[in-house]
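Step one of this worksheet: look at the structure below.
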Amino acid sequence: MHIDPVQIIQLTLYSKIVNEATILATKDNKYIYFTIFLFLVYKIFHTEYIQQQYTDWLDSWSHSDEENIIIIPQHKRIFTTYSGSQSRETVQQLYSERFRAINHYLEKHHPSNINKMIEISRRETKSIWDSETVDYVMLPINNEKMLLNRELDIYFEINIKEEIKDIDEKKAKDITSYKNYTYKLSKIGEGGFSILNKFLDNIVSEYKNEILNKKEHSIFEYVKYKHDEEDRCELVFRKYPFRSNKFLDKNIFFENKDEFINYIDRFIKKSNPQEKNAAESQYEDAGVTFKASIMMMGPPGCGKSSTIRGILNRTKRHGILVRWSAINTCAEFCSLLRTTKINEVQYEPGELCFIFEDFDANGDDVLKSRSEIVEAPTDYYSFSTCDSVSETSENNNKSELNKTKKLLDQLMTLHSQKKDDALTLECVLNTIDGIVELHDLMLIFTTNHLEKIDTAFTRPGRIDYVLNLGLASTETIREMLLHKYRNESVDLLKYNRLFNKLKGDIISPADIQMTCLKFGRGQFKECLEELVKKTNI
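Residues 1 to 537 (the UniProt record's numbering) are what the sequence shown spells out, left to right.
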């Protein structure tokens, strides 16, 4: 659609004269004269360039005082809860990331116009079957407009409206009221909307980095896999701070430890996940998936858990503890290993270490070996056979009915055992070594009995490092004892006879550690004698 610039000039002059007659008459007559002058120039010089320049300038001048606005409301969700035969509607307040980012900006930068904020609780129930979670939000108290950012000339206005909802029309006492907050950001002038959007993007990024993605070293315990009321899948975790004084290069001892540390160091968490280290480039050149997959084997007390804590300390990765009994389906296992979001916080695969302790201790009903998958029985009865039962004699009826009942019981048991998406060994193998690569992830499996696990699981490419943590060798005992008394001057030649009496593969590292704790400073000989005694029982 083409608009004649002459019409624009006429409309602009008319608008200025009618709406701002008083102001223009007193001090802004220059705008009228200047516009008339440009109009005459436009009429005299009919070149396309001058017309276009004049039209652009006029559009900019006539819109220069327009207010650009972005409105961010508080949202609400209404759902029904049931108690016996009674139902009740509940209103849940929802706050977007932008809404929370503005609150964070207000708290951090303290605009001079705002002097009162209140903390309110926000209760969230994702499903009527789940217990509610409580979050807290800081909100301004009064309706007011303020200069939010002086440099960008951005203004912020709060609109607070109290809404009343009659939950039960028959009972006046069930009237519920709540405050509805609406935030308005505004900026006057050309390009203001773009500036507002960029400002919002910056404060949301700041909010995520400082609040949402504040990643203290943590342990996450996997709880369950659930569907909400809208049938969306969600992984549920409990979070604990990680604190440990176990260090691979300091107070953890086992055979070939230096070789293992060299392997682990390839997967130390990078400060910039987008950068490649030398090991990652080496894996890429070889066409091998860059991931750590470790199987730790050995009897209880031989240091599997301590070694895992040492790995987390060295790599700075967050640990995710997973019980096999908590995983029921293949889809759940795939989602677990491919998730990048835990408790609303985004993580890179290189920040995570999945830990499956006692991999073999949860029964065949959770992780089925391929040789143990139940097949349907072949000696089943046809329906015609069942129909013929009524035609037999009374004695035969009882026998046939018993057989049929037994067969139906077997079929029902088989049906209950065989799920469409049951977790199987094939699923586990395809997930950790399939088409979809688990790039930069770390997986640790522990077992007391490696022989119980299908050999297909431990082949190279699926498990890259098998660490055998057995009973302590004489060299391990010696290292642990010398570490205990490293700050004392001990003449080791003096104790060669006692060292030669030590026997390996008798006691666990945990036993050695507890023995060393019994003896204090200056009791090197007594501690060594006790260890000799324990290894010669």
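We put the beta carbon where it would ideally sit given N, CA and C, even for glycine.
Stretch-stretch touch, CB-based, cutoff 8 Å, three pairs: the stretch 194-208 with the stretch 95-104: By the Cβ criterion, the stretch 194-208 is in contact with the stretch 95-104, since at least three pairs of Cβ atoms, one from each stretch, lie closer than 8 Å.
Within the stretch 174-225, ranges of the beta strand (DSSP E) (whole runs, at least 3 residues): Fully enclosed beta strand (DSSP E) runs of 3 or longer: 175-188.
Distance between beta carbons of L312 and G303, contact taken as under 8 Å: Indexing the sequence shown from 1 puts residue 303 at position 303. Indexing the sequence shown from 1 puts residue 312 at position 312. 14 Å between Cβ atoms; not a contact.
DSSP-derived helix/strand/coil call for L528: Here the question's residue 528 lines up with position 528 in the sequence shown. If DSSP states are grouped into helix, strand and coil, L528 belongs with the helices.
Residue closest to F445, alpha-carbon to alpha-carbon, out of L321, D249 and L248: For this step, residue 445 is matched to residue 445 along the sequence shown. Per the Cα distances, L321.
Pairwise C-alpha distance: P300 and I507: As a position in the sequence shown, residue 507 is number 507, starting the count at 1. As a position in the sequence shown, residue 300 is number 300, starting the count at 1. Answer to the nearest angstrom: the Cα atoms are 11 Å apart.
Exposure label - I188; buried when at least 16 CB within 10 Å: One-based indexing of the sequence shown puts residue 188 at position 188. Under this definition I188 is an exposed residue.
Cβ neighbours of N272 in the same chain (closer than 8 Å, five flanking residues each side left out): Along the sequence shown, one-based indexing puts residue 272 at 272. If you ignore the 5 residues before and after N272, its C-beta comes within less than 8 Å of no other C-beta in its own chain.
Proximity to K161 [Cα-Cα], best of Y181, I154 and K145: Residue 161 sits at position 161 when you count from the first residue of the sequence shown. The shortest C-alpha separation from K161 is found at Y181.
Closest by C-alpha distance to I512, when choosing among L498, K501, L531 and E526: The residue labelled residue 512 in the question sits at position 512 within the sequence shown. The option with the nearest alpha carbon to I512 is L531.
V322 - containing beta strand (DSSP E), residue span: In the sequence shown, counting from the first residue as 1, residue 322 sits at position 322. Careful: V322 lies outside any beta strand (DSSP E) and carries neither H nor E.
Length at least 4, wholly inside the stretch 222-294: the alpha helix (DSSP H) runs in chain order: 257-264 and 278-286
Residue environment, D433, which counts as buried when at least 16 other CB atoms sit within 10 Å: The residue you call residue 433 lines up with position 433 of the sequence shown. Buried: at least 16 other Cβ atoms inside 10 Å.
Contact check, F247 vs I342, beta carbons under 9 Å: Counted from its first residue, the sequence shown places residue 247 at position 247. Counted from its first residue, the sequence shown places residue 342 at position 342. Result no, Cβ atoms of F247 and I342 do not sit closer than 9 Å.
Three-state class that DSSP yields for H75 in the structure shown: Here the question's residue 75 lines up with position 75 in the sequence shown. It is a strand residue.
Reduced DSSP category for F519 - H, G, I as helix; E, B as strand; rest coil: Stepping through the sequence shown from its first residue, residue 519 is reached at position 519. F519 falls in the coil class under three-state DSSP.
Per-residue burial, L469 [other beta carbons within 10 Å of its own, 16 or more giving buried]: The residue you call residue 469 lines up with position 469 of the sequence shown. Buried, since its Cβ has 16 or more Cβ neighbours within 10 Å.
Reference F359, options S335, E451 and E234, closest by Cα: Taking the sequence shown and counting its residues from 1, one reaches residue 359 at position 359. Looking at the Cα atoms, E451 is the closest of the given residues.
E157 - partner residues in DSSP beta bridges: Here residue 157 refers to the residue found at position 157 of the sequence shown. DSSP lists K145 and K184 as partners of E157.
Every unbroken beta strand (DSSP E) inside the stretch 442-474 [3 residues or more]: 442-447 and 465-468
Sufficient close CB pairs (3 or more, under 8 Å) joining the stretch 253-264 to the stretch 462-479: Because the criterion of three Cβ pairs below 8 Å is met, the stretch 253-264 and the stretch 462-479 touch.
R243 to G310 span [Cα, whole Å]: Sequence index remark: in the sequence shown, residue 243 carries index 243 (1-based). Sequence index remark: in the sequence shown, residue 310 carries index 310 (1-based). If I take the Cα positions, the gap works out to 11 Å.
Other residues of its chain near V204: CB distance less than 7 Å, five sequence neighbours each side excluded: Numbered from its first residue, the sequence shown carries residue 204 at position 204. Taken in chain order, the residues that qualify are E97, R98 and A101.
Three-state class that DSSP yields for C353 in the structure shown: On the sequence shown, position 353 is the one that residue 353 refers to. Reduced to three states, the DSSP call for C353 is strand.
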